[in-house]
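*Asks:* Numbering (my numbering), first residue to last: 2 to 200.
Just so you know, even glycine gets a beta-carbon here, dropped at the ideal spot from N, CA and C.
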Amino acid sequence: MQPLPLSYYQNDDVVFLAKDLLGKKLCTNINGQFTSGIITETEAYCGRNDKACHANNGKRTKRTEIMFQEGGKAYVYLCYGIHNLFNVTSNVNGLADAILVRAIQPVDGIEIMLERRNKSKLDKTLSSGPGTLSQALGIDRNFYGLDLTGHDIWIENSTTKIAHSEIVESTRIGVDYAGEDALRPWRFYIKNSIWVSKL
DNA sequence: CTAACGATTCGCT
DNA sequence: GCGAATCGTTAGT
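Written out as structure tokens, the structure reads:
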């Protein structure tokens, strides 16, 4: 399967993309260790008029800079001093949109992921949460700015097609500081999946 | 330079 | 269910 092309990420509708990414396969290849999982939960962050977004209203800092570049890159940042959170950037140069991937269903390299997570058996705690899925896939801040059409990290279509009726929407997690923008229904996950951070 | 804080997780009660 | 862990980023002095 081919990585999704650059054009896929240039879409100006970040909410559409957040939903469309559900069911697709997120893959990493680190020193020959191939791991992947089906994206089961996402959140949309828009660079305009969304106080939950780090790059809201043109807030350019060293950290947010990558979101202003053309879409299709990895935005990884450290949260609570402990966790690496992985986002897909989208839209065209100058418009800072991103999709946070919050959970995956493990597919390839499960033994490798268990080892990275210091776990012995496979259950939802392996990769259902934005910090834990990054650890399972080996994503850290070295991935900041990496091209998602390259060979280290990429996203590809899978045989799993998610019908619109199979998508549950809710408010985003942990963004209470965003005031009324915290009420936007911009979190999406696959109905009936156990690979979700929180019901 | 300093201080406050976070798009979370884990372990303990 | 609750609180600690833990450090880079950010904005302000």
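(1) Which residues in the same chain as E167 place their Cβ atom closer than 7 Å to its Cβ, once the five residues preceding and following it in sequence are excluded?
(2) Determine the extent of the alpha helix (DSSP H) in which L18 is found, giving its start and end residues.
(3) Inspect the CB distances between the region 93-104 and the region 10-22 and report whether three or more fall short of 8 Å.
(4) When DSSP labels each residue in this structure, what does K120 get in the three-state scheme?
(5) Quick check on A75: buried or exposed, where buried means 16 or more other Cβ atoms within 10 Å of its Cβ?
(6) Within the same chain, show all residues whose beta-carbon is closer than 8 Å to that of L96, passing over the 5 residues directly before and after it, in chain order.
(7) Given a cut-off of 8 Å on the beta-carbon distance, is the pair F189 and V176 in contact?
(8) Quick check: what's the CA-CA separation for A53 versus A183?
*Replies:* The short version:
(1) I191, K192
(2) 15-21
(3) yes
(4) coil
(5) buried
(6) D13, G48, R49, F69
(7) no
(8) 7 Å
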